[in-house]
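Protein chains in written order, with the numbering used here: chain A, 689 to 1005; chain B, 9 to 303.
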């Protein structure tokens, strides 16, 4: 019947008897010493978090209500928000970002799941196929995007994609130079670069499904599609919804694809994303306060998504 | 490969081995191998061989599958014009530093949170994990403002490697992975060490760390690849030509450089990551699922 301290460790064999004051004092001193050692081990990481994560979070909100001109900072209320919302690119950037997120959900979300289901069935060449799928994830995004920009999305017939389309006698495209193909082209490049991670995470989830469930479903006469619908998807529901949320947050931050593939804004603003607008305001228009305001708006929108996600997933259970 | 052939998946192994099932299985497998090779290696092949072509040949329709007159001049031009040796060295240096900073500071922090458990440790952990919810783009402006004028010290870290190393330490995912692993190390081992009079540092160094090799490997790999792949943050805080990373350097040169030379530089920048991947692919793949993302 040892007493349990706040840390869940048995506190010696003193038992429930009232302790003599001297022993209580020495225990307190030991606890203090333990705390100090703990903080000494934590301090490096805590300082880094404080300076580069916690403080900037607060600072971003403060900055969005200030304006710095010639070294002088003043409070300006909602001015920065007004200015950023009245930027002619503001609504276009949101429209483009949502469009990219939606397209990426269709392509970048469903495709890796079905690829994982397919790979999970193979009894041969497993390692090879996994390495292939994951290979692009390891490339520096800038390298991969220059490949797409110069060789794949070349609007002349010398480009890789147009050459393939020509080979099958399909109409070719201007890719990044056409306003309608800009977004799909960015989604294709982004999915190629990133899907490997999702495939491997799904594969790990699929391997945890108990085989008896498939067995039972088959005995009940369920075909392949029914088994996917009634066994695979319910069994991976948690990871599927988590990945959807992670993907929405990641795709809403679309930045390097427009920057490299479309030189930033693209033809007639067709590639401008919210993240690119933050960058442009902060570092080209010398408007760090406006950029901070847009950052706060983005945070609110993403928090809204997370809220809807939590509501939806908690209702299902 | 046959390690988990015993587990039942969507389609039973028996069905795949019999008559029609066998036929379909092998056709599908061959098809998938061919398609995946084309989709995932094809573009890389195109990139490597394209950079071997001359300027005229790359603009030719239809494009040639293999360069008619392969030449290394694009690669050598890229190497000398972009000063790739310098850029690659910078990136190696930043990756190595980020790795050391993260290993030292994140392991000690996770050890404190898992084993020493000082008062308010859970609050600190909660605040760290909360940063996982904040998208990087939202913080980019205030982080930049902080780095160019550090609070209290009022110094600028612009063009200093610390601007990459210190923010890399504030990685809640690392701390979470490490803490979860340390939590799984039995308490008895700790108390035995304390009984023997070992200091907390000694316990960490000679008992906890040797037991944690797999998770340290995962954290190291993520630390190195993150630096190699990162683009916007190094572009902002390492603006001088002498301090750029390889991705930022290639981007900075892409405007006034022939496209074959840019792609050749992109190939050279990608080679270290591919070699790294082929060496560590087992740990990388198991590390991906180490975050407890199962089922």
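From the three backbone atoms N, C-alpha and C, an ideal C-beta is built for every residue, glycine too. The structure displayed is predicted, hence computed values, not measured ones.
Q | Proximity test, Cβ basis, 8 Å: residue 963 of chain A and chain B | A | The residue labelled residue 963 of chain A in the question sits at position 275 within the first chain. Chain B contact via Cβ: present.
Q) Is the Cβ-Cβ distance between residue 889 of chain A and residue 145 of chain B less than 8 Å? A) Locating residue 889 of chain A in the first chain gives position 201, counting from the first residue. Locating residue 145 of chain B in the second chain gives position 137, counting from the first residue. Not closer than 8 Å, so no.
(Q) For a contact defined as C-beta to C-beta under 8 Å, what are the partners of residue 941 of chain A on chain B? (A) If you number the first chain from 1, residue 941 of chain A lands on position 253. Residues of chain B passing the Cβ test: 143, 144 and 145.
Q: For residue 700 of chain A, name the three-state secondary structure that DSSP assigns.
A: Numbered from its first residue, the first chain carries residue 700 of chain A at position 12. For residue 700 of chain A, the predicted structure reports a pLDDT of 45, less than 50, and the residue's modelled location is therefore unreliable. A value from the coordinates is still provided. Coil.
Q: In the DSSP assignment, find the unbroken beta strand (DSSP E) run with residue 757 of chain A in it and report its ends.
A: One-based indexing of the first chain puts residue 757 of chain A at position 69. 754-757 is the extent of the beta strand (DSSP E) around residue 757 of chain A.
Q: Using a Cβ-Cβ cut-off of 8 Å, state whether residue 181 of chain B counts as contacting chain A.
A: Translated into positions along the second chain, residue 181 of chain B becomes position 173. It does not: the Cβ of residue 181 of chain B has no partner Cβ on chain A nearer than 8 Å.
(Q) Taking CB distances under 8 Å as the criterion, tell me whether residue 876 of chain A reaches chain B. (A) Stepping through the first chain from its first residue, residue 876 of chain A is reached at position 188. Not closer than 8 Å to any Cβ of chain B, the Cβ of residue 876 of chain A fails to qualify, so no.
Q) Hey, residue 981 of chain A and residue 772 of chain A are a contact pair by Cβ (cut 8 Å); roughly how many whole angstroms apart? A) For this step, residue 981 of chain A is matched to residue 293 along the first chain. For this step, residue 772 of chain A is matched to residue 84 along the first chain. Contact holds; Cβ gap of about 5 Å.
Q) So with Cβ pairs under 8 Å, would you call residue 739 of chain A a contact of chain B? A) Looking up residue 739 of chain A in the first chain gives position 51. Interface residue, yes.
Q) Excluding the five sequence neighbours on either side, which residues of its own chain have a C-beta within less than 6 Å of the C-beta of residue 887 of chain A, listed in chain order? A) By one-based count along the first chain, residue 887 of chain A stands at place 199. Excluding positions up to five away in sequence, the list reads 800, 803, 804 and 821.
Q) residue 869 of chain A and residue 863 of chain A look like a contact to me (Cβ under 8 Å); what is the Cβ gap, rounded to whole Å? A) Along the first chain, read from residue 1 onward, the residue named residue 869 of chain A stands at position 181. Along the first chain, read from residue 1 onward, the residue named residue 863 of chain A stands at position 175. Indeed they touch by this definition, with Cβ atoms about 5 Å apart.
Q) Could you give the distance in angstroms between the alpha-carbon of residue 953 of chain A and the alpha-carbon of residue 962 of chain A? A) On the first chain, position 265 is the one that residue 953 of chain A refers to. On the first chain, position 274 is the one that residue 962 of chain A refers to. Spanning the two alpha carbons is a distance of roughly 11 Å.
Q. Which class does residue 945 of chain A belong to by DSSP, given the choice of helix, strand or coil?
A. Numbered from its first residue, the first chain carries residue 945 of chain A at position 257. Here residue 945 of chain A sits in helix by DSSP.
(Q) Does the beta-carbon of residue 804 of chain A, which I'm using as the reference point, lie nearer than 7 Å to any heavy atom of the ligand PLP? (A) Of the ligands one can find in the structure shown there are none, so the ligand PLP has no counterpart to examine.
Q: Starting from the beta carbon of residue 818 of chain A, find every residue of chain B whose beta carbon is closer than 7 Å, and list them in chain order.
A: Working through the first chain from its first residue, we reach residue 818 of chain A at position 130. Those are 293, listed as they occur along chain B.
Q) Among B:189, B:211 and B:275, which one has its Cα closest to the Cα of residue 220 of chain B? A) Position 212 of the second chain, counted from the first residue, corresponds to residue 220 of chain B. Of B:189, B:211 and B:275, the residue nearest in Cα terms is B:189.
Q. Considering residue 6 of chain B, what are the terminal residues of the beta strand (DSSP E) in which it resides?
A. Only positions 9 to 303 of chain B appear in this structure, which leaves residue 6 of chain B out of reach.
**Q.** Continuous beta strand (DSSP E) stretch holding residue 762 of chain A: start and end
**A.** Sequence index remark: in the first chain, residue 762 of chain A carries index 74 (1-based). That run of the beta strand (DSSP E) goes 760-763.
**Q.** Contact under 8 Å by Cβ, residue 920 of chain A with residue 897 of chain A
**A.** As a working note, residue 920 of chain A is residue 232 in the first chain. As a working note, residue 897 of chain A is residue 209 in the first chain. Yes.
Q.
List, in chain order, every chain B residue whose beta-carbon is nearer than 8 Å to that of residue 821 of chain A.
A. For the purposes of this step, residue 821 of chain A is taken as the residue at position 133 of the first chain. Neighbours of residue 821 of chain A on chain B, chain order: 44 and 48.
Q. DSSP three-state call for residue 864 of chain A: helix, strand or coil?
A. Position 176 of the first chain holds residue 864 of chain A. Residue state, collapsed to three classes: helix.
Q. Can you give the Cα-Cα distance for residue 939 of chain A and residue 878 of chain A, rounded to whole angstroms?
A. Here residue 939 of chain A refers to the residue found at position 251 of the first chain. Here residue 878 of chain A refers to the residue found at position 190 of the first chain. In a straight line, the C-alpha of residue 939 of chain A is about 9 Å away from that of residue 878 of chain A.
Q: Output the boundary residues of the alpha helix (DSSP H) element that contains residue 160 of chain B.
A: Taking the second chain and counting its residues from 1, one reaches residue 160 of chain B at position 152. First-last for residue 160 of chain B: undefined, no H or E at that position.
Q) Near residue 285 of chain B, which residues of its chain fall below 8 Å by C-beta distance, leaving aside the five closest residues on each side in sequence? A) Position 277 of the second chain, counted from the start, is the residue given in the question as residue 285 of chain B. Once the five neighbours on either side are set aside, the close Cβ partners of residue 285 of chain B are 292.
(Q) Check whether chain A comes within 8 Å of residue 231 of chain B, counting only Cβ atoms and requiring the distance to be less than that. (A) Residue numbering aside, residue 231 of chain B sits at position 223 when the second chain is read from its first letter. Chain A contact via Cβ: absent.
Q | Cut-off 8 Å between Cβ atoms - residues of its own chain near residue 780 of chain A, not counting five sequence neighbours on either side | A | On the first chain, position 92 is the one that residue 780 of chain A refers to. Cβ neighbours of residue 780 of chain A beyond the five flanking positions: 957 and 960.
Q | Interface partners of residue 986 of chain A on chain B, CB under 8 Å | A | Locating residue 986 of chain A in the first chain gives position 298, counting from the first residue. 143, 145 and 146, listed in chain order.
Q: Say whether chain A places a C-beta atom closer than 8 Å to the C-beta of residue 239 of chain B.
A: Start at 1 with the first residue of the second chain, and residue 239 of chain B comes out as number 231. Yes, residue 239 of chain B lies at the interface with chain A (some Cβ there is under 8 Å from its Cβ).
**Q.** Cβ separation of residue 185 of chain B and residue 226 of chain B, assumed to be a contact under 8 Å, to the nearest whole Å
**A.** Stepping through the second chain from its first residue, residue 185 of chain B is reached at position 177. Stepping through the second chain from its first residue, residue 226 of chain B is reached at position 218. At roughly 7 Å, the Cβ-Cβ gap stays under 8 Å, so residue 185 of chain B and residue 226 of chain B are in contact.
Q: Assign residue 31 of chain B to one of three DSSP states: helix, strand, or coil.
A: The count along the second chain starts at 1 and reaches residue 31 of chain B at position 23. Correct three-state label for residue 31 of chain B: helix.
Q: Thinking residue 723 of chain A and residue 127 of chain B are a contact (beta carbons under 8 Å), I'd like their distance in whole angstroms, please.
A: Here residue 723 of chain A corresponds to residue number 35 of the first chain, with the count starting at 1. Here residue 127 of chain B corresponds to residue number 119 of the second chain, with the count starting at 1. 5 Å between Cβ atoms; contact.
Q: Give, in chain order, every residue of the segment 903-914 of chain A whose Cβ lies closer than 9 Å to some Cβ of chain B.
A: 903, 906 and 912
Q: Kindly list the residues whose CB is nearer than 8 Å to the CB of residue 930 of chain A, restricted to its own chain and excluding five residues on each side of it in sequence; keep chain order.
A: In the first chain, counting from the first residue as 1, residue 930 of chain A sits at position 242. Hits under 8 Å: none found.
Q.
For the alpha helix (DSSP H) containing residue 969 of chain A, name the first residue and the last one.
A. Numbered from its first residue, the first chain carries residue 969 of chain A at position 281. It spans 962-971 - the alpha helix (DSSP H) in which residue 969 of chain A sits, taken as one unbroken run.
Q | Short CB-CB distance (under 8 Å) between residue 734 of chain A and chain B | A | Along the first chain, one-based indexing puts residue 734 of chain A at 46. Interface residue, yes.
Q: Figure out for me which residue from B:109, B:134 and B:155 has the closest Cα to the Cα of residue 164 of chain B.
A: Numbered from 1 along the second chain, position 156 holds the residue referred to as residue 164 of chain B. The candidate whose alpha carbon is nearest that of residue 164 of chain B is B:155.
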